Each structure stands twice: as structure tokens, then as C-alpha cells.
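One point on numbering: in the working numbering, the residue at position 94 of the sequence shown is 94, and numbering is uninterrupted.
A short write-up of the structure that comes next.
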Amino acid sequence: MSSGSGSLRRQASAVPGPKPPCSIHPSAIISDKAVITGTHPVSIGENVVLHPFAKITSNTGAVRIGKNCIVGDRATVGLSDSPGTFAGTTVELEESVSVESGSVVQAEKVGTGSVVEANTILGPGVVVGKFCKITASSSIQSENLPDFTIVYGENARRTDATTKTRSDVRDLKLKGQLMHIDTLKRLVPSNTMKWLS
Numbered sequence: 001m002s003s004g005s006g007s008l009r010r011q012a013s014a015v016p017g018p019k020p021p022c023s024i025h026p027s028a029i030i031s032d033k034a035v036i037t038g039t040h041p042v043s044i045g046e047n048v049v050l051h052p053f054a055k056i057t058s059n060t061g062a063v064r065i066g067k068n069c070i071v072g073d074r075a076t077v078g079l080s081d082s083p084g085t086f087a088g089t090t091v092e093l094e095e096s097v098s099v100e101s102g103s104v105v106q107a108e109k110v111g112t113g114s115v116v117e118a119n120t121i122l123g124p125g126v127v128v129g130k131f132c133k134i135t136a137s138s139s140i141q142s143e144n145l146p147d148f149t150i151v152y153g154e155n156a157r158r159t160d161a162t163t164k165t166r167s168d169v170r171d172l173k174l175k176g177q178l179m180h181i182d183t184l185k186r187l188v189p190s191n192t193m194k195w196l197s
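If you want it as C-alpha cells, here you go:
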């Protein structure tokens with residue numbers, strides 16, 4: 001096409017990746033602007049919320065997202081295109097996991113009730129225990145974090161003794177996640193059918 005100034009104008013053409021075989025619970029909220037790509041299976045559980053521009057990639061391994069999880073805008077869950085020895089490994093978010101904006105989760109498993117704060121990187125092979133908190137801009141490569149671990153600052157660690165010893169606190173954290181999801185269901189328009197067709 002030529003414009004009025006005689007220069008050529010080219011339209012951008014982004015070729016979408018292949019749609020993976022998806023299993024998506026009917027109550028999941030998948031933004032129309034979220035991206036799910038790859039060739040391995042993707043399983044998305046009950047009450048999961050994928051924000052706009054969240055990306056699930058199953059190019060080199062399956063992805064399982066348990067019920068009541070939230071994947072924030074511009075966050076990526078799944079192995080990179082060059083996972084090395086971890087090719088074929090499943091990336092799993094257990095129940096009630098929050099992955100905040102800009103984070104990259106290639107971890108083998110993130111345990112129930114854990115929070116991955118903004119701009120955090122969890123590399124391939126990482127296993128995060130239950131009710132862990134990885135603070136913003138942290139980077140963890142090939143480690144196992146025990147349940148109730150908090151990672152903060154320059155990769156410092158401590159145990160969340162309150163959450164560890166009090167089941168009522170754990171129950172409140174899970175209840176708070178459900179309240180957050182209930183709010184997001186009213187704010188994020190869903191287009192789940194886009195991924196099932």
C-alpha cells in the first residue's frame with residue numbers, strides 16, 4: 001500500500017502461536033487479551049482468573065493451573081522455548097496461587113496459597129512449598145523452598161511462623177483469595193470459548 005507521501009506502509013501481522021489442547025473449567029475467567037499458546041496440554045481449574053496480557057505457554061511442557069489461582073497482567077506461566085534439561089516438565093500452580101504482574105513462572109510446582117509478587121522470576125525446576133511468599137523482583141533458579149518460606153530483599157529467607165502455626169490464618173488467606181477472585185469476576189470480561197474452539 002502506498003500512502004500520500006509516496007512511502008510504503010506495511011501492516012503489522014502477528015502470527016499467533018498454535019492453540020494447545022485446553023481443558024478449562026466453565027467458571028474460569030480468561031480475558032480476551034490473555035494468550036494461551038503451545039502444543040502440550042493446558043489445564044485451567046475452577047475460578048481461575050487470567051488477566052489481560054497474561055500468557056500461558058505450553059511449547060515445551062504441559063501447564064496445570066489449580067482452582068482459585070490468579071495470573072496477573074503480563075505474567076507468564078510455562079517453560080520457555082529453551083528449557084534445557086527441563087523440556088517436557090509440567091509447570092503446576094496448585095490451588096489459590098497468585099502470580100502478580102510481570103512475573104515469569106517456569107517452576108515445576110508452586111504450592112497452595114503461595115504468592116509470587118510482581119516482576120519475580122521462578123526458573124525451571126524450582127519447587128515452591130505451600131503458603132510461601134516471594135517478594136517483588138526476586139529471582140529463584142533451581143531450588144526447593146519449604147512450606148511457609150518468605151523470600152525477600154537480596155534473596156534472604158525466613159519462615160512465616162504465624163501462618164505455619166495457625167490454621168485460622170491459613171484459612172483467612174484462602175478466603176481473601178476467594179474474595180479477590182469474586183471482585184475480579186465483575187471486572188475482567190471473559191472469553192473462555194476463544195480457547196475451546
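Ideal Cβ positions, reconstructed from N, Cα and C, are used throughout, including at glycine.
Nothing here was measured: the structure is a model prediction, and the numbers come from that model.
**OP:** Kindly confirm or deny that the segment 34–45 and the segment 56–67 touch, where touching means at least three C-beta pairs closer than 8 Å.
**Re:** yes
**OP:** Identify whether Ser167 lies in helix, strand or coil by the three-state DSSP scheme.
**Re:** helix
**OP:** Name, in chain order, the residues that DSSP records as bridge partners for Glu92.
**Re:** Arg64, Lys109
Subject >> Those residues which DSSP pairs with Lys55 across a bridge >> reply: Val35, Thr76
Original post:
So, Asp160 versus Phe131, is the Cβ gap smaller than 8 Å?
Top reply: yes
Original post:
Does DSSP put Ala87 in a helix, a strand or coil?
Top reply: coil
Original post:
Can you tell me the Cα-Cα spacing of Gly88 and Gly102, whole angstroms?
Top reply: 24 Å
**OP:** List the residues that DSSP assigns as beta-bridge partners of Ser139.
**Re:** Ile121
Original post:
Per the contact definition of three or more C-beta pairs closer than 8 Å, is the segment 28–38 in contact with the segment 183–193?
Top reply: yes
Original post:
Can you find at least 3 beta carbon pairs, one from the segment 66–75 and one from the segment 90–101, that sit closer than 8 Å?
Top reply: yes
Original post:
Are there 16 or more other CB atoms within 10 angstroms of the CB of Lys175, so buried, or fewer, so exposed?
Top reply: exposed
**OP:** Can you tell me which of the three DSSP states Ser5 falls into?
**Re:** Any reading at Ser5 needs caution, since the residue's pLDDT is 47, under 50, leaving its predicted position unreliable; the model's value is listed next. In the structure shown, Ser5 sits in coil (DSSP, three-state: anything other than H, G, I, E or B).
Original post:
Are there 16 or more other CB atoms within 10 angstroms of the CB of Pro249, so buried, or fewer, so exposed?
Top reply: Nothing can be reported for residue 249: it is not among the residues displayed for the chain, which extend from 1 to 197.
Original post:
Taking buried to mean at least 16 other C-beta atoms within 10 Å of its own C-beta, is Thr162 buried or exposed?
Top reply: exposed
Original post:
Mind checking Ser23: buried by the 16 CB within 10 Å criterion, or exposed?
Top reply: exposed
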